[in-house]
Each structure stands twice: as C-alpha cells, then as structure tokens.
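Student: Following this message is one structure expressed as structure tokens.
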Amino acid sequence: MYAKNAGRPCVQNYDLVVIGSGPAGEKGAAQAAYFGERVALIECGDILGGACVNTGTIPSKILRESALYFSGIHQRGLYTAWTIRCAKGLTVKNFMHRKDVVVATEREKLAKNLAAHGIELVRGLASFEDAATISVKTSRGENLTLRADAVLIATGSVPHRAPEIPFDDEVIFDSDSILKMGSIPRSLAVVGGGVIGCEYASIFTALGVEVSLVDGRDRLLPFLDAEISACLRERLADLGVRFFFGERTTQIERVQEKVRITLQSGQTLETEAALFAAGRRGAVDKLSLEKAGVALNKRGYIEVNENYRTAAPRLYAAGDVIGFPALASTSMEQGRVAACHAFGFQYKQRLASMLPMGIYTIPEISAVGESEETCTEKGIEYAVGRARYPNNTRGQIVGDLTGLLKLIFAKSDRRLLGVQIIGESATELIHLGMMALESNMALDAFIEFVFNYPTLSEMYKYAAYDGLGNLSGHKLREG
Ligand SMILES: Cc1cc2nc3c(=O)[nH]c(=O)nc-3n(C[C@H](O)[C@H](O)[C@H](O)COP(=O)(O)OP(=O)(O)OC[C@H]3O[C@@H](n4cnc5c(N)ncnc54)[C@H](O)[C@@H]3O)c2cc1C
13 MYAKNAGRPC VQNYDLVVIG SGPAGEKGAA QAAYFGERVA LIECGDILGG
63 ACVNTGTIPS KILRESALYF SGIHQRGLYT AWTIRCAKGL TVKNFMHRKD
113 VVVATEREKL AKNLAAHGIE LVRGLASFED AATISVKTSR GENLTLRADA
163 VLIATGSVPH RAPEIPFDDE VIFDSDSILK MGSIPRSLAV VGGGVIGCEY
213 ASIFTALGVE VSLVDGRDRL LPFLDAEISA CLRERLADLG VRFFFGERTT
263 QIERVQEKVR ITLQSGQTLE TEAALFAAGR RGAVDKLSLE KAGVALNKRG
313 YIEVNENYRT AAPRLYAAGD VIGFPALAST SMEQGRVAAC HAFGFQYKQR
363 LASMLPMGIY TIPEISAVGE SEETCTEKGI EYAVGRARYP NNTRGQIVGD
413 LTGLLKLIFA KSDRRLLGVQ IIGESATELI HLGMMALESN MALDAFIEFV
463 FNYPTLSEMY KYAAYDGLGN LSGHKLREG
C-alpha cells in the first residue's frame, strides 16, 4: 500500500484518519466509511479493540460471569440439596478460559467489521506532524505519513500508576495487569472503591477470596442514589467484603510473597495480592498534540465541544481521551457523532441526553436520570415508587431475593424523572426506564402497559403502583 519512492515513503491521503481501535475509533471509522468516506485507522497495539475488548469492559464482564458460574452464587439458598460450588482449587487458567475465548472472538469481529467497511488498518504508533498530517512508526521501524481531511483521536486511557505504589504485576496490580495474575490469591486488598474497584471486589469475593476494600470516602460510589449505594454495601458485606472507609494508604510494601498496606489510621492489611484501581488518565503522551494545535485541559484530557471537535477545526476527539464519562457505551456514540459532524451527515448530530449507567458488581446496578439526592440538590419536588425483586415472581424464580427497582417521579405531574435498579439484569431493565424518560412519560403509563409474565420488567408496574400509593397516602397493609 505504501509504495516506496526513491527511498521515501509515499504520503497517503484519506478523508478521515482515526487513531485508536477502541469503541470510539472503531465506530467513528465505520460511521464515516459506511457513508463512503475513505478511512484509515491506526492502531499501535498488537491487538485490536483497546481497553474495551482487551483489558477493561469485556474481560471484566466475562470474569464476572465466570465468578458467578464457578461460585454457584445465584443458586445459593435456592436448592436445598445444593452444595455450594466452592471456587477453592480454581486455577487462573480455568477462571480466564472463557475470557480468552470471548476476547479472541471480539477481536476477530472487529477486524471483520473494519474490513467490511473498507477501512484501511495501519499498524503503528501515530503522532502529529501538524493538524492534518500524521506520522506512523510501524513495529518494523518504518515511518509512514498519512494526510487527512479530518482526524479522530480515539487513543483512550491508561491506568494511573502513582509513583509511590511499587507495582510489580505479580502481587501488586492495576486494572490492566490483574488479568495476568499467576494464581488466584486467598486474600486481596482493593484500593479505590470506584466502579472498577467495586466490580473486581465483588468478582473476587464471589470466588471466596477474602477481599478488603479501602476507600478515602465514606460510602461506595457516591454518585449513585444513596439507597442503592447502601444496598450495594450491604450485599458486598454479605458476600464477605471488609470495608475500610475514610482511609488512605500511607505505605505499600511487598513483604516476601505478600503485600503489606499501612493505612492512615495506623491499621495494616496483609494480603496475598493488591489491586490499585485509583483512576485512569488520557493516553496522549506519544501524540505530539502541540504540533496539531490541541491543548489538554487541567485534568489532562482533550477539550472538545458538543460535536467532539477540538480547538483545531478538522480535528475531533472521542472516548476516554476526552474524560468523563469514559465508558465504552458513550465512547462509541461520541465517535459516531464526531464522524457525522466532520462530514456533515444529516444524522446523529448529538449524544443522547439520557445516558444510562451500568455497574457490573454482584449484584449489578443501573441508573438513568435523577436520583433522590440530585432531585433534592435541584429543588425538584419528587416522590418514589419501589418494587422489590423478592415480591416479583421472576425475581423468586431466578433467586434474586434482595434486588430493588426504584422509580423517581415529579410530584406535580407524575412525570418520570429517574430509575435506579440494583439486582439481576439491572443493566438490561434500565432501558425501558430510559425510553420512558426520553418520551417524557408519566408513571401512569406503566400501569396501563401489559407486561410479559413472569418478568422482571413487570416491576415497573408495581413500582408505579407503589409510587401512586405513596403520593396519595393510600398504602396497602404490610405482611
Ligand atoms: C476494568 C474496566 C471495566 C470497564 N467496564 C466498562 C463497562 O462495563 N461498560 C462500559 O461502557 N465501559 C467500561 N469500561 C470503560 C471502557 O473500557 C472505556 O471507556 C473504553 O474502552 C474507551 O474506549 P476508547 O475507544 O476511548 O479507548 P480504548 O478502548 O482505550 O482504545 C484506545 C486504543 O488506541 C490505541 N492507541 C493509543 N495511543 C495510540 C497511538 N499514539 N497510535 C495508535 N494507537 C494508539 C490503543 O492501543 C487502544 O487500542 C471499563 C474500563 C475498565 C478499565
């Protein structure tokens, strides 16, 4: 493709050059190529798919499924003759097996998608010469030059490795290297109670690992509705997680085969492994952004407008490299919006206003719209309707005896304001609430709908009844 001309590589011209093959890059590239633009995608890693396919979203979700399977956690208490399948003796090879299979399939799917769209894949490290010219250093040491009418930067993020933490990827891990652990430890300290920390804490505790979770704040995932966050804490405590809230680490050392962590309070934890899940930062180091006229904001991310355009007019950025919310779900859409804007497609001009949040802890959580706390902060008069999984027939059948679906709605006109769910299939169930929010629906609509029976979705109807009951003061007797 890059014919050499008197020892100098040809410059190739494209309508769009995309840097990075994660969800933002793949979907942005496919969107432009679908409508006939000539697209090249540059990827510096040996494998396609970025953090989403290889180290983040997909591996952690498969490990969650593997943990549920090997621990038999869903069946606990459901079948009297059931002896809990204990994960003791489980090898990393067995635990990781399905992850390896699914990740390989996802990489293949991605390569096929690029090929199907006629996107040219360029393997190598990209950096800017100017806003329209990109050099690529290939693994074979060749230098290529690509010139583009528009560029989409989708280089993602990398785990933040604080210098005071002696990462060795043997017993002290970050969220990337944990996937390479040599054996399943008997005990694990998780430092950082954000989404990634909570997800891994619940996966390992389900496997029977003694998990200690250290966080500087006083509750889990403070951006969640407080009732849901408290439910999560209770469930994780039931599974065996020990919490160290309001704590910071002051010293982290490897002592022979163990990790010793000293906390600000003076307590020490000694565990067989430690996972530091304390944030990520934009992957911008190698890009020479200054040559393209793109500056970073105070948090180290690329600043964009609502069309994902940077300060340079034909230069776009999407995904983790622009910071919050840094999810695969939003990254894909941002990439598509950027491509649509760059080429003036009359389609997908903005990111949807309602963004669902999915947290794959055990149990899983999902939320969209307002929480009780955000309503209070905004001075919105609201009421709440709840439906509990154990009161739902499907909830009983699948054995979720603790889950909760919560509808938050306006007191004045019963318009739905937010949905908060903790329990089985929460991340699937949320979409019905999201559609209702997007359509400005009032609670009454759930009462009118006929739901399949038995389903978890039916909880929307009973939460609506509960909400109307709370509003009118007409409550059924308990028990
Ligand atoms: C443990 C974990 C769990 C997660 N779970 C979820 C979840 O359940 N749901 C969800 O929606 N999100 C989840 N996320 C977040 C999600 O993985 C990211 O938001 C998403 O991968 C970001 O996509 P991206 O395209 O911006 O970047 P990435 O997926 O990081 O891809 C960036 C790509 O760019 C390449 N690159 C970087 N620099 C260069 C360069 N100079 N030249 C060429 N190529 C370059 C990289 O090699 C990489 O392949 C999770 C993340 C982690 C870490």
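FYI, the numbering for the sequence shown is 13 to 491, going by the numbering used here. We treat Cβ as the ideally placed atom computed from N, Cα and C, and that holds for glycine. Quick caveat: nothing in here was measured; it's all calculated off a predicted structure.
#1: How about Leu301 and Phe185: are their beta carbons less than 9 Å apart?
#2: If you reduce the DSSP assignment to three classes, tell me which class Arg110 lands in.
#3: Pick from Pro71, Gly278, Asn25: whose alpha carbon is nearest that of Gln263?
#4: Give me whichever residues DSSP pairs with Glu450 in a beta bridge.
#5: Excluding the five sequence neighbours on either side, which residues of its own chain have a C-beta within less than 7 Å of the C-beta of Asn66, listed in chain order?
#6: Does at least one heavy atom of ligand 1 sit under 8 Å from the Cβ of Arg152?
#7: Would you grab the beta carbon distance between Lys39 and Met369 for me? Rounded to a whole angstrom, and I think it's under 8 Å.
#8: In chain order, which beta strand (DSSP E) runs of at least 3 residues are fully inside the segment 183-208?
#9: Please go through the segment 198-266 and give each complete alpha helix (DSSP H) segment of 4 or more residues, from N-terminal end onward.
#10: Where do the N-terminal and C-terminal ends of the beta strand (DSSP E) with Ala395 fall, by residue?
#11: Would you say Cys56 touches ligand 1, meaning its beta carbon is less than 8 Å from a heavy atom?
#12: Please find out if some non-hydrogen atom of ligand 1 comes closer than 8 Å to the beta-carbon of Ala304.
#13: Would you grab the beta carbon distance between Ile31 and Ala166 for me? Rounded to a whole angstrom, and I think it's under 8 Å.
#14: Which whole runs of the beta strand (DSSP E) in the segment 114-184 are 3 residues long or more, in chain order?
#15: Taking the alpha helix (DSSP H) that Ser72 falls in, what are its first and last residues?
#16: Evaluate Tyr465 with the Cβ neighbour count: other Cβ atoms within 10 Å of its Cβ, from every protein chain shown; 16 or more gives buried, anything less gives exposed.
#17: When the distance is taken between beta carbons, is Ser139 closer than 9 Å to Lys360?
#18: Let me make sure I understand the geometry here. Which of Cys352, Leu80, Ser189, Arg348 has the alpha-carbon closest to that of Thr217?
#19: Does the distance from the C-beta atom of Val202 to that of Val223 stay below 9 Å?
#20: Buried or exposed: which applies to Arg400, given that a residue is buried once 16 or more other Cβ atoms fall within 10 Å of its Cβ?
#21: Have a look at Trp94 and Thr414 and give me their C-alpha separation to the nearest angstrom.
#22: So the candidates are Met366, Glu265, Arg362, Gly48; which of them puts its Cα closest to the Cα of Ile177?
#23: Where do the N-terminal and C-terminal ends of the beta strand (DSSP E) with Tyr328 fall, by residue?
#24: Would you mind reading off the limits of the beta strand (DSSP E) that contains Gln24?
#25: Provide the residue(s) that pair with Gly499 in DSSP beta bridges, ordered along the chain.
#26: Cutting at 7 Å between CB atoms, please list the residues of its own chain near Glu7, excluding the five before and the five after it.
#27: Any idea which residues DSSP pairs Phe288 with across the strands?
#28: Return the first residue and the last residue of the beta strand (DSSP E) that Phe355 is part of.
#29: Quick one: does the C-beta of Pro35 sit closer than 8 Å to a heavy atom of ligand 1?
#30: Kindly examine ligand 1 and report whether one of its heavy atoms sits closer than 8 Å to the Cβ of Glu315.
#31: Return helix, strand or coil for Arg97, following the three-state DSSP convention.
#32: Within this structure, are the beta carbons of Val546 and Glu440 separated by less than 9 Å?
#33: Taking 8 Å as the line, does the beta carbon of Ser241 fall inside it for any heavy atom of ligand 1?
#34: Would the segment 390-409 count as touching the segment 472-490 if we require 3 or more Cβ pairs under 8 Å?
#35: Keeping to the same chain, check which residues put their C-beta closer than 6 Å to that of Pro171; ignore five residues upstream and five downstream.
#36: Quick check: what's the CA-CA separation for Lys149 versus Met193?
Tutor: Let me spell this out:
#1: Not closer than 9 Å, so no.
#2: Looking at Arg110 - three-state DSSP - the assignment turns out to be helix.
#3: Of the candidates Pro71, Gly278, Asn25, the residue whose Cα lies closest to the Cα of Gln263 is Gly278.
#4: Among the bridge pairs identified by DSSP, Glu450 is matched with none.
#5: Sequence-distant Cβ neighbours of Asn66 in its own chain, meaning closer than 7 Å and more than five residues away, are Ile59, Val115.
#6: For ligand 1, not one heavy atom lies less than 8 Å from the Cβ of Arg152.
#7: With a contact defined as Cβ atoms closer than 8 Å, Lys39 and Met369 miss out at about 19 Å.
#8: If only complete runs of 3 or more residues are kept, the segment 183-208 shows the beta strand (DSSP E) at 199-203, in order along the chain.
#9: Those alpha helix (DSSP H) runs which fall completely within the segment 198-266 and span 4+ residues are 207-218, 238-251.
#10: Here the beta strand (DSSP E) through Ala395 covers 394-400.
#11: The answer is yes for Cys56.
#12: No, since every heavy atom of ligand 1 falls outside the 8 Å radius drawn around the Cβ of Ala304.
#13: Contact between Ile31 and Ala166 holds: their C-beta atoms lie close to 6 Å from each other, under 8 Å.
#14: Segments of the beta strand (DSSP E) lying fully in the segment 114-184: 132-135, 137-142, 145-149, 155-165, 169-171.
#15: From DSSP, the alpha helix (DSSP H) with Ser72 extends over 69-83.
#16: By the neighbour-count definition (other C-beta atoms within 10 Å, threshold 16), Tyr465 is an exposed residue.
#17: Not in contact: Lys360 and Ser139 (Cβ atoms no closer than 9 Å).
#18: When each option's Cα is compared against that of Thr217, the closest is Leu80.
#19: In contact: Val202 and Val223 (Cβ atoms closer than 9 Å).
#20: When all chains shown are included, Arg400 counts as buried.
#21: Caution is warranted here: a pLDDT of 42 is assigned to Trp94, below 50, making its placement in the model unreliable, and the coordinate value is therefore given only provisionally. Straight-line spacing of the CA atoms in Trp94 and Thr414 works out to 20 Å.
#22: Selected option, being the one with the closest Cα: Glu265.
#23: Going by DSSP, Tyr328 is part of the beta strand (DSSP E) stretching over 327-329.
#24: Residues 23-31.
#25: A query on residue 499 cannot be resolved here, the shown segment of the chain reaching from 13 to 491 and no further.
#26: Given a span of 13 to 491 for the chain in the structure shown, any question on residue 7 remains unanswerable.
#27: Partner(s): Val203.
#28: Element bounds for Phe355: not the beta strand (DSSP E) but the alpha helix (DSSP H), 340-355.
#29: Taking non-hydrogen atoms of ligand 1 into account, the C-beta of Pro35 is found less than 8 Å away from one of them.
#30: Not under cutoff, so the answer is no.
#31: Below a pLDDT of 50, predicted positions are generally treated as unreliable, and Arg97, at 49, falls in that range; no measurement from the model is reported.
#32: A query on residue 546 cannot be resolved here, the shown segment of the chain reaching from 13 to 491 and no further.
#33: No, since every heavy atom of ligand 1 falls outside the 8 Å radius drawn around the Cβ of Ser241.
#34: Output reads yes: the segment 472-490 touches the segment 390-409.
#35: The residues are Asp186, Ser187, Asp188, Arg292.
#36: Rounded to whole angstroms, the separation of the alpha carbons of Met193 and Lys149 is 31 Å.
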